[in-house]
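Data first, discussion second: the structure below is written as structure tokens.
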Amino acid sequence: MRANVWHGKRDLRIDNVPDPEILNPRDAIVKITSTAICGSDLHLYNGFVPTMEKGDIIGHEFMGEVVELGSEVKNLKIGDRVVVPFPIACGRCFFCEEQLYSVCENSNPNAWMAEKMWGHSPAGIFGYSHLTGGYAGGQAEYARVPFADVGPIKIPDGLSDEQVLFLSDILPTGYMAAEACDIKPGAVVAVWGCGPVGQFAIQSAYLLGAEQVIAIDRFPERLRMAREKSRAITLNYAELDVVGALKEMTGGRGPDACIDAVGLEAHGMGAAGAYDRVKQALGLETGRPIALREAIMACRNGGVVSIPGVYGGFLDKIPMGSIMNRSLTIRTGQTHVQRYMKPLLERIRNGEIDPTVIITHRMALDDAPRGFEMFANKEDECIKIVLKP
Ligand code: NAD
Ligand code: ZN
Ligand code: ZN
156 MRANVWHGKR DLRIDNVPDP EILNPRDAIV KITSTAICGS DLHLYNGFVP
206 TMEKGDIIGH EFMGEVVELG SEVKNLKIGD RVVVPFPIAC GRCFFCEEQL
256 YSVCENSNPN AWMAEKMWGH SPAGIFGYSH LTGGYAGGQA EYARVPFADV
306 GPIKIPDGLS DEQVLFLSDI LPTGYMAAEA CDIKPGAVVA VWGCGPVGQF
356 AIQSAYLLGA EQVIAIDRFP ERLRMAREKS RAITLNYAEL DVVGALKEMT
406 GGRGPDACID AVGLEAHGMG AAGAYDRVKQ ALGLETGRPI ALREAIMACR
456 NGGVVSIPGV YGGFLDKIPM GSIMNRSLTI RTGQTHVQRY MKPLLERIRN
506 GEIDPTVIIT HRMALDDAPR GFEMFANKED ECIKIVLKP
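Using my numbering, read the sequence shown as starting at 156 and increasing by one per residue.
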């Protein structure tokens, strides 16, 4: 089959690779009909995630048709249309029973690698380095889906691929980030990053009852989408002091909750931005927590800082004193996607959410390497790319 294969930093190629096969009785093979490029893939692309190997197939947002089933998968049939959640979860362990699917303790065969770096291991993830299992990803014609009796959700007729594809990751991610904010009536929520995750975090914050959502980015087309499609008030961080502006907009108190939907590749202005760039390049920190620092400093006393943005290792100058002395709550995690797929599918069906509004580009799988370049460089006002194998 053809697949989008990682060969090194900023080097992806469409290669011919062996078709996946059923290895375990709870596996399924899915023939992929739609897949997407995620902001998390950029961290692989730009070489910030350790334990990637030449030959790894990437991609973790995908859906398609079931073409083969292991003997223990009873809830699916050949021909079913399914969306596959990006974390791989067994459904039976302590964490899965708590619905903490992204930290399943049975799905990462390389748990020892993660334990060295993080103390304990999270779940396996499709197409996301050997640290999280070395699983082949979904930017391909076919994928092997382990624990297929737990993860994939069947899609009813009448919904297009584009309406449901983002149930695999970014829609639940934006939703979980907003849910973590404990939104009360009248709440003001600030969201750093107007990428796909930021857009769904804004929309979810409104769905969950926020009075006002303030969104922060610097690209005009992303700010425009946040205003026009997601109903946010926007701030361009290149033009003003974000923490000061947020204080001013909230009577000096600060937003009730702050969401970092940027993650480890944040861009920074001036000397502060240069500081993190240099430290990251020298390997003295593994991410640039520019948005995270602002989210902490801006948040009102006793508020929540919710972090869907991905971080890999160690960060510098996190204002722990601000968190401790002002009673902030930090909530974060890879998304427990399996927990949100059904309720969010319902919200799509009844018209409360239209995930298709964020799609700006559609391409053939064969053009994925070019798509990555566009998405990474924000060319052609690119915000979300859907790939068709
Ligand atoms: P994206 O790269 O399209 O969006 C990031 C946005 O942040 C960009 O629009 C960029 O301009 C903006 N930005 C950069 N620096 C900023 C700053 N200092 N202040 C404000 N905005 C800034 O990516 P995405 O797909 O929207 O993903 C966002 C983050 O969420 C990534 O880190 C991704 O890895 C992560 N993510 C996490 C999960 C999860 O399970 N927790 C799932 C999906 C994605
Ligand atoms: Zn993702
Ligand atoms: Zn489990």
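Note that beta-carbon positions come from the ideal geometry of N, C-alpha and C, so glycine has one too.
Could you check whether the Cβ of residue 261 sits closer than 6 Å to any heavy atom belonging to ligand 3?
The residue labelled residue 261 in the question sits at position 106 within the sequence shown. Yes, ligand 3 has a heavy atom inside 6 Å of this Cβ.
Is the closest heavy atom of ligand 2 to the C-beta of residue 195 under 6 Å?
One-based indexing of the sequence shown puts residue 195 at position 40. At least one heavy atom of ligand 2 is nearer than 6 Å to the Cβ of residue 195, so yes.
Return the Cβ separation of residue 367 and residue 385 in integer angstroms, given the expectation that the two are a contact with Cβ distance under 8 Å.
Counting from 1 along the sequence shown, the entry for residue 367 is found at position 212. Counting from 1 along the sequence shown, the entry for residue 385 is found at position 230. The pair is not a contact, with the Cβ atoms about 12 Å apart (cut-off 8 Å).
Tell me, please, which residues DSSP counts as bridged to residue 245.
Sequence index remark: in the sequence shown, residue 245 carries index 90 (1-based). Paired residue(s): none; residue 245 is not in a bridge.
I believe residue 478 touches residue 451 by the beta-carbon criterion, under 8 Å. Please report the beta-carbon distance rounded to the nearest angstrom.
For the purposes of this step, residue 478 is taken as residue 323 along the sequence shown, with counting starting at 1. For the purposes of this step, residue 451 is taken as residue 296 along the sequence shown, with counting starting at 1. With 8 Å as the limit, residue 478 and residue 451 qualify as a contact, their Cβ atoms being about 6 Å apart.
Once you ignore the five residues that flank residue 227 on each side, which residues in its own chain have a CB closer than 6 Å to its CB?
Numbered from 1 along the sequence shown, position 72 holds the residue referred to as residue 227. Hits under 6 Å: 180 and 181.
Using a threshold of 7 Å, state whether the C-beta atoms of residue 212 and residue 526 are closer than that.
Residue numbering aside, residue 212 sits at position 57 when the sequence shown is read from its first letter. Residue numbering aside, residue 526 sits at position 371 when the sequence shown is read from its first letter. Not a contact, by the Cβ cut-off of 7 Å.
Extent of the continuous beta strand (DSSP E) run through residue 298:
Position 143 of the sequence shown, counted from the first residue, corresponds to residue 298. 297 to 300 is the extent of the beta strand (DSSP E) around residue 298.
Flag this pair as yes or no: are the beta carbons of residue 190 and residue 318 separated by less than 7 Å?
As a first step, residue 190 must be located in the sequence shown, where it is residue number 35. As a first step, residue 318 must be located in the sequence shown, where it is residue number 163. No, these two residues do not count as a Cβ contact at 7 Å.
Start and end residues, alpha helix (DSSP H) containing residue 503:
Residue mapping note: residue 503 aligns to position 348 of the sequence shown, counting from 1. Unbroken alpha helix (DSSP H) run through residue 503: 492 to 504.
Can you look up residue 536 in the DSSP assignment and give me helix, strand or coil?
Your numbering for residue 536 matches position 381 in the sequence shown. Three-state result, residue 536: helix.
Any heavy atom of ligand 2 closer than 6 Å to the CB of residue 415?
Indexing the sequence shown from 1 puts residue 415 at position 260. Checking the Cβ of residue 415 against ligand 2 gives no.
Suppose contacts are defined by Cβ-Cβ distances below 7 Å. Is residue 215 in contact with residue 282 by that definition?
Within the sequence shown, residue 215 is the residue found at index 60, counting from 1. Within the sequence shown, residue 282 is the residue found at index 127, counting from 1. Here residue 215 is near residue 282, since their CB atoms are less than 7 Å apart.
Return yes when at least one heavy atom of ligand 2 lies under 6 Å from the C-beta of residue 211, else no.
Position 56 of the sequence shown, counting from 1, holds the residue named residue 211. Incorrect: residue 211 has no Cβ contact closer than 6 Å to ligand 2.
Presumed contact (8 Å Cβ cut-off) between residue 264 and residue 288, rounded CB distance:
For this step, residue 264 is matched to residue 109 along the sequence shown. For this step, residue 288 is matched to residue 133 along the sequence shown. Correct: roughly 6 Å between the Cβ atoms.
According to DSSP, is residue 271 part of a helix, a strand, or is it coil?
Here the question's residue 271 lines up with position 116 in the sequence shown. Helix.
Less than 7 Å between the beta carbons of residue 320 and residue 355, yes or no?
What you label residue 320 is simply residue 165 of the sequence shown in a count that begins at 1. What you label residue 355 is simply residue 200 of the sequence shown in a count that begins at 1. No. Outside cutoff.
Helix, strand or coil, according to DSSP, for residue 367 in the structure here?
Within the sequence shown, the letter at position 212 stands for residue 367. Reduced to three states, the DSSP call for residue 367 is strand.
From residue 463 to residue 373, what distance separates their C-alpha atoms?
Position 308 of the sequence shown, counted from the start, is the residue given in the question as residue 463. Position 218 of the sequence shown, counted from the start, is the residue given in the question as residue 373. Cα to Cα, the separation comes out at about 19 Å.
Roughly how many angstroms separate the alpha carbons of residue 446 and residue 427, rounded to a whole number?
Position 291 of the sequence shown, counting from 1, holds the residue named residue 446. Position 272 of the sequence shown, counting from 1, holds the residue named residue 427. Whole-angstrom Cα-Cα distance: 11 Å.
Tell me which residue opens and which closes the alpha helix (DSSP H) that residue 261 is part of.
For this step, residue 261 is matched to residue 106 along the sequence shown. It is not in any alpha helix (DSSP H) - residue 261 carries neither H nor E in the DSSP assignment.
Our contact map puts residue 279 next to residue 290 with C-beta atoms below 8 Å; I'd like the distance itself, whole angstroms only.
Mapped onto the sequence shown, residue 279 falls at position 124. Mapped onto the sequence shown, residue 290 falls at position 135. Contact holds; Cβ gap of about 6 Å.
Name, in chain order, the residues that DSSP records as bridge partners for residue 206.
For the purposes of this step, residue 206 is identified with residue 51 of the sequence shown, where counting begins at 1. Answer by DSSP bridge pairing: none, since residue 206 is not bridged.
Below 7 Å between beta carbons: does that hold for residue 411 and residue 458?
The residue labelled residue 411 in the question sits at position 256 within the sequence shown. The residue labelled residue 458 in the question sits at position 303 within the sequence shown. Cβ distance < 7 Å, so residue 411 and residue 458 count as in contact.
Buried versus exposed, by CB contacts within 10 Å (16 or more), residue 469:
Translated into positions along the sequence shown, residue 469 becomes position 314. Per the 10 Å Cβ criterion, exposed.
Presumed contact (8 Å Cβ cut-off) between residue 541 and residue 514, rounded CB distance:
The sequence position of residue 541 within the sequence shown is 386, counting from 1. The sequence position of residue 514 within the sequence shown is 359, counting from 1. Residue 541 to residue 514, Cβ: 6 Å. Contact.
Residue 414 and residue 332 look like a contact to me (Cβ under 8 Å); what is the Cβ gap, rounded to whole Å?
Mapped onto the sequence shown, residue 414 falls at position 259. Mapped onto the sequence shown, residue 332 falls at position 177. That belief holds up - the Cβ atoms of residue 414 and residue 332 are roughly 5 Å apart, short of 8 Å.
Reference residue 324, options 510, 529, 170 and 516, closest by Cα
Within the sequence shown, residue 324 is the residue found at index 169, counting from 1. The residue with the shortest Cα to Cα distance from residue 324 is 510.
Residues that residue 542 bridges to, as DSSP identifies them:
In the sequence shown, counting from the first residue as 1, residue 542 sits at position 387. Its beta-bridge partners are 190 and 518.
Inter-residue spacing [alpha-carbon to alpha-carbon] between residue 441 and residue 315:
To locate residue 441, count along the sequence shown from 1; it is residue 286. To locate residue 315, count along the sequence shown from 1; it is residue 160. Using only the alpha carbons, I get a separation of about 39 Å.
Relative to the C-alpha of residue 376, which candidate in 350, 400 and 393 has its C-alpha closest?
As a position in the sequence shown, residue 376 is number 221, starting the count at 1. Of 350, 400 and 393, the residue nearest in Cα terms is 350.
Could you tell me the distance, in whole angstroms, from the CA atom of residue 334 to the CA atom of residue 461?
Taking the first residue of the sequence shown as position 1, residue 334 is located at position 179. Taking the first residue of the sequence shown as position 1, residue 461 is located at position 306. Going from the Cα of residue 334 to the Cα of residue 461 covers about 9 Å.
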